[in-house]
Amino acid sequence: MAGGNGELKLVGEWASPFVTRVKLLLHIKGLSYEYVEEDLRNKSELLLSSNPVHKSVPVLIHDGKPICESQIILQYIDEVYASTGPSLLPADPYERAVARFWTAYIDDKIATPWDRLFRAKTDEERAEAMKQLFTAVEALEGGFKESSKGKDFFGGDSVGYLDIIVGSLVSWVKATSVLAGAELINAAKMPLLAAWMERFCELDAAKAILQDVDALVEHGRMLMAKNAARASK
Amino acid sequence: MEGKEENASEAAPLKLLGSWASSYTHRVQLALRLKGLEFEYAEEDLANKSDELLRLNPVYKKVPVLVHGGRALPESVIILQYLDDAWPERRPLLPADAFDRALARFWCHFADDKLGPAVGAVFTSTGEEQEAAVRQVHENLALVEAELREGAFKGRRFFGGDEVGLLDVVLGCGSYWLAVFEEVTGVRLVDADAFPLFHAWLRDFEALDEVRETIPAVDRLLEYARGVRHMLLGLAGAGGAGGAGADAPSSTAADAPTASPPPAAATATAADIAVDI
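Protein sequences, first through last, are from chains F and Z.
The first sequence runs contiguously to residue 250 in the working numbering.
The second sequence runs contiguously to residue 553 in the working numbering.
Below, the structure written as structure tokens:
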């Protein structure tokens with residue numbers, strides 16, 4: 018690698034849970050990096066040139082080379098900095114597959130209606146997205162059981178890949194619960210996940226990185242109002 | 277994922293549940309062959325899924341599912357990475373360098389998230405909607421072509437280098453639908469002049485022994501695709517291909533065996549193959 022001095026730069030946006038994932042891991046690994054906050058309505062040359070295909074955050078730039086997409090970034094950091102701090106993905110091949118499975122589930126089945134919820138143009142659309150989101154989240158209780166095997170975290174005794182993936186969503190879970198008027202991770206229906214969430218929030222990394230819930234509630238309200246207003250033109 | 281917890285040693289038997297026309301299934305079959313791993317294959321009727329499949333993949337209820345030492349793994353790209361993790365000494369699919377691995381994973385996700393659905397949209401649509409889908413396919417192919425020409429994969433015979441790797445398997449098992457869809461829908465998708473490197477790569481990929489063993493014969497794929505498209509157009513009420521009732525594929529396929537999904541399952545079946553690439 019030419020001229021590599023190990024410089025890390027993270028291009029992100031404060032509200033994005035995908036960016037939160039990377040920040041959480043960098044914190045857990047004790048890695049220092051330069052952070053660049055993007056205004057997604059006015060994307061920087063840096064973002065457009067380092068992620069020309071999707072033009073989205075997060076992008077990790079390591080020694081000038083861009084790595085895109087949160088899952089890919091997490092695995093990259095885990096592999097490159099394997100000897101720095103704790104390892105993220107389990108060592109066992111099957112457990113790795115389980116971690117990847119639930120990540121794919123979250124990014125597909127949960128993220129999609131969640132996104133739709135905020136982009137909905139009508140009350141009906143919003144209600145439908147809400148219903149799908151709540152249903153999709155329920156499966157995570159089983160995912161936690163399978164992954165944790167009775168221990169405190171998805172990763173077992175200590176924080177692992179899935180803890181970061183799901184953990185990155187916690188502030189949004191709380192904000193959405195406020196906006197929906199109902200707990201997205203309902204302690205009665207999902208006791209294991211609810212308990213995990215409290216535990217996760219006690220971690221130093223969570224306290225340092227997770228977004229302020231009130232700020233997300235306001236941000237969420239703004240998004241919903243903006244998309245509903247567009248529709249009524 | 278379902279399955280008993282057993283130690284899945286390398287010697288434990290492998291079983292693959294799949295569907296003959298599913299490119300996601302082909303990915304796993306190809307990877308197993310490339311790694312020289314023996315496996316039992318069980319064909320699933322996607323219109324009538326087995327209890328075994330529903331038990332092993334309760335979340336998605338889809339093929340492929342790989343069963344190893346009693347444990348089930350769904351989702352083709354997850355299965356492919358599992359094979360690398362479990363048999364690291366056998367013909368690795370992912371490159372050794374972390375940055376190259378990130379690139380391979382990025383373009384695999386692109387194939388499944390952008391290119392595949394665009395190709396599927398061409399197949400399931402007509403008229404202006406189809407024209408827009410074709411433009412989308414071309415834009416996506418142009419991005420891949422650019423990486424072959426001057427980007428991440430410049431100068432390589434395969435995406436994996438001199439030998440096929442993860443991205444070749446993911447992109448390749450599905451790219452054969454391009455020619456089939458061109459034939460069935462009459463639209464031009466992969467112009468050898470517009471995408472010379474992609475075209476050359478696909479030709480080299482399809483010439484490999486393991487690939488020829490895995491991909492079904494073109495006429496079976498054509499017959500199947502014609503049947504599904506006919507059904508889709510019939511269901512949509514479009515005049516389209518003959519406009520016959522939704523219970524029979526086109527007459528040329530009347531004598532041929534298999535590949536005649538019942539109307540109710542047509543859309544589901546189309547979704548299983550139409551988003552493949």
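Glycine included, each C-beta is placed from N, C-alpha and C at the ideal position.
Fair warning: this is a prediction, and the values are worked out from it, not measured in the lab.
Beta carbon proximity, Glu365/Z to chain F, threshold 8 angstroms: Translated into the one-based positions of the second sequence, residue 365/Z becomes position 89. No, its Cβ sits nowhere closer than 8 angstroms to a Cβ of chain F.
Neighbour flag for Lys13/F against chain Z, beta carbons, 8 angstroms: What the structure shows of chain F is the stretch from 18 to 250, and residue 13/F is not part of that stretch, so it cannot be assessed.
Straight-line gap, Ala116/F to Glu163/F (C-alpha atoms, nearest Å): For the purposes of this step, residue 116/F is taken as residue 99 along the first sequence, with counting starting at 1. For the purposes of this step, residue 163/F is taken as residue 146 along the first sequence, with counting starting at 1. Ala116/F and Glu163/F: Cα-Cα distance of roughly 10 angstroms.
Start-to-end residues for the beta strand (DSSP E) that takes in Val53/F: Reading the first sequence from its first residue, position 36 is the one you call residue 53/F. Note, Val53/F: beta strand (DSSP E), Glu51 to Glu54.
Leu497/Z Cβ short of 7 angstroms to the ligand NAD heavy atom set: The ligand NAD is not part of the structure shown, which contains no ligands of any sort.
Within 9 angstroms of chain F by C-beta, residues of the stretch 308-330 of chain Z in sequence order: none
Glu235/F versus Val195/F, Glu219/F and Asp56/F, residue with shortest Cα-Cα distance: As a working note, residue 235/F is residue 218 in the first sequence. When Val195/F, Glu219/F and Asp56/F are compared, the shortest CA-CA separation from Glu235/F is found for Val195/F.
Span of the beta strand (DSSP E), counted from its first residue to its last, around Leu349/Z: For the purposes of this step, residue 349/Z is identified with residue 73 of the second sequence, where counting begins at 1. Unbroken beta strand (DSSP E) run through Leu349/Z: Arg347 to Pro350.
Limits of the unbroken alpha helix (DSSP H) element including Lys46/F: Position 29 of the first sequence holds residue 46/F. Element bounds for Lys46/F: Pro34 to Lys46.
Test: Arg381/Z CB closer than 8 angstroms to a CB of chain C: Looking for chain C here will not work: the only protein chains present are F and Z.
Against chain Z: residues of the stretch 141-170 of chain F by CB proximity under 8 angstroms: Residues Ala156 and Glu163.
Cutoff 8 angstroms: Lys82/F Cβ touching any chain Z Cβ: Within the first sequence, the letter at position 65 stands for residue 82/F. Closer than 8 angstroms: yes.
Stretch-stretch touch, CB-based, cutoff 8 angstroms, three pairs: the stretch 39-57 of chain F with the stretch 102-114 of chain F: yes
Contacts around Phe13/F, its chain only, beta-carbon distance under 6 angstroms, and the 5 residues preceding and following it disregarded: With chain F covering only 18 through 250, there is no way to say anything about residue 13/F.
Within-8 angstroms CB hit, Ala211/F to chain Z: For this step, residue 211/F is matched to residue 194 along the first sequence. Not one chain Z Cβ lies under 8 angstroms of Ala211/F.
Of the listed residues Ile90/F, His79/F and Gly29/F, nearest to Leu42/F (C-alpha basis): Locating residue 42/F in the first sequence gives position 25, where the first residue counts as 1. For Leu42/F, the nearest C-alpha among the options comes from Ile90/F.
Within-8 angstroms CB hit, Tyr358/Z to chain F: Within the second sequence, residue 358/Z is the residue found at index 82, counting from 1. Answer yes: the Cβ-Cβ gap between Tyr358/Z and chain F drops below 8 angstroms somewhere.
Counted within 10 angstroms of its Cβ, other Cβ atoms place Leu454/Z as buried (16 or more) or exposed: Translated into the one-based positions of the second sequence, residue 454/Z becomes position 178. Answer is buried; the Cβ neighbour count reaches 16.
Reference His344/Z, options Gly294/Z, Pro334/Z, Tyr358/Z and Val353/Z, closest by Cα: Taking the second sequence and counting its residues from 1, one reaches residue 344/Z at position 68. Here the closest residue by C-alpha is Tyr358/Z.
CB contact check: Ala128/F to chain Z, cutoff 8 angstroms: For the purposes of this step, residue 128/F is identified with residue 111 of the first sequence, where counting begins at 1. Output row for Ala128/F: interface = no.
Glu374/Z: contacting residues in chain F (beta-carbon distance under 8 angstroms): Working through the second sequence from its first residue, we reach residue 374/Z at position 98. Checking the sequence, you will find Ala at residue 374/Z rather than Glu. Chain F residues near Ala374/Z: Tyr93, Glu96 and Val97.
Cβ-based contacts, 7 angstroms cut-off: residues of the stretch 61-74 of chain F near chain Z: Result list: Val70.
Contact residues within the stretch 99-129 of chain F, judged by C-beta distance below 7 angstroms to chain Z: Pro110, Tyr111, Arg113, Ala114, Val115, Arg117, Phe118, Ala121 and Tyr122
Contact set between Asp388/Z and chain F, taken where Cβ atoms lie within less than 9 angstroms: Against the second sequence, residue 388/Z aligns to sequence position 112. Those within 9 angstroms of Asp388/Z in chain F number zero; the least Cβ separation is about 10 angstroms.
Given 8 angstroms, three or more beta-carbon pairs between the stretch 307-314 of chain Z and the stretch 73-85 of chain F: no
Ala483/Z: first and last residue of the uninterrupted alpha helix (DSSP H) it sits in: Residue numbering aside, residue 483/Z sits at position 207 when the second sequence is read from its first letter. Taken as a continuous stretch (DSSP letters only), the alpha helix (DSSP H) holding Ala483/Z covers Pro472 to Ala483.
Identity of the residue in Phe217/F, Glu155/F and Leu201/F nearest Lys168/F by Cα: Counting from one through the first sequence, the residue named residue 168/F turns up at place 151. Taking only the C-alpha atoms, the option nearest Lys168/F is Phe217/F.
Bridge partners - Ile89/F, DSSP secondary structure assignment: Residue mapping note: residue 89/F aligns to position 72 of the first sequence, counting from 1. In the DSSP output, where bridge partners are listed per residue, Ile89/F has none listed.
Alpha carbon of Leu57/F to alpha carbon of Gly437/Z, nearest angstrom: Within the first sequence, the letter at position 40 stands for residue 57/F. Within the second sequence, the letter at position 161 stands for residue 437/Z. Cα-Cα distance, rounded: 36 angstroms.
Proximity test, Cβ basis, 8 angstroms: His385/Z and chain F: On the second sequence, position 109 is the one that residue 385/Z refers to. Answer yes: the Cβ-Cβ gap between His385/Z and chain F drops below 8 angstroms somewhere.
Closest Cα partner of Ala32/F within the set Asn244/F, Tyr111/F, Ala232/F and Glu96/F: In the first sequence, counting from the first residue as 1, residue 32/F sits at position 15. With distances taken between Cα atoms, Ala32/F lies closest to Ala232/F.
Contact set between Ile78/F and chain Z, taken where Cβ atoms lie within less than 7 angstroms: As a first step, residue 78/F must be located in the first sequence, where it is residue number 61. Chain-ordered listing is empty here: chain Z has no CB closer than 7 angstroms to the CB of Ile78/F, the nearest sitting near 11 angstroms.
As assigned by DSSP and simplified to three states, the class of Lys191/F: Here the question's residue 191/F lines up with position 174 in the first sequence. Helix at Lys191/F.
His475/Z versus Ser285/Z, Glu489/Z, Phe435/Z and Pro371/Z, residue with shortest Cα-Cα distance: Taking the first residue of the second sequence as 1, we reach residue 475/Z at position 199. Of the listed residues, the one whose Cα sits closest to His475/Z is Phe435/Z.
Three-way DSSP call (helix, strand, coil) for His71/F in this model: Counted from its first residue, the first sequence places residue 71/F at position 54. Residue state, collapsed to three classes: coil.
Residue interval of the beta strand (DSSP E) (run including Tyr317/Z): In the second sequence, the residue the question calls residue 317/Z occupies position 41. Tyr317/Z -> beta strand (DSSP E) spans Glu316 to Glu319.
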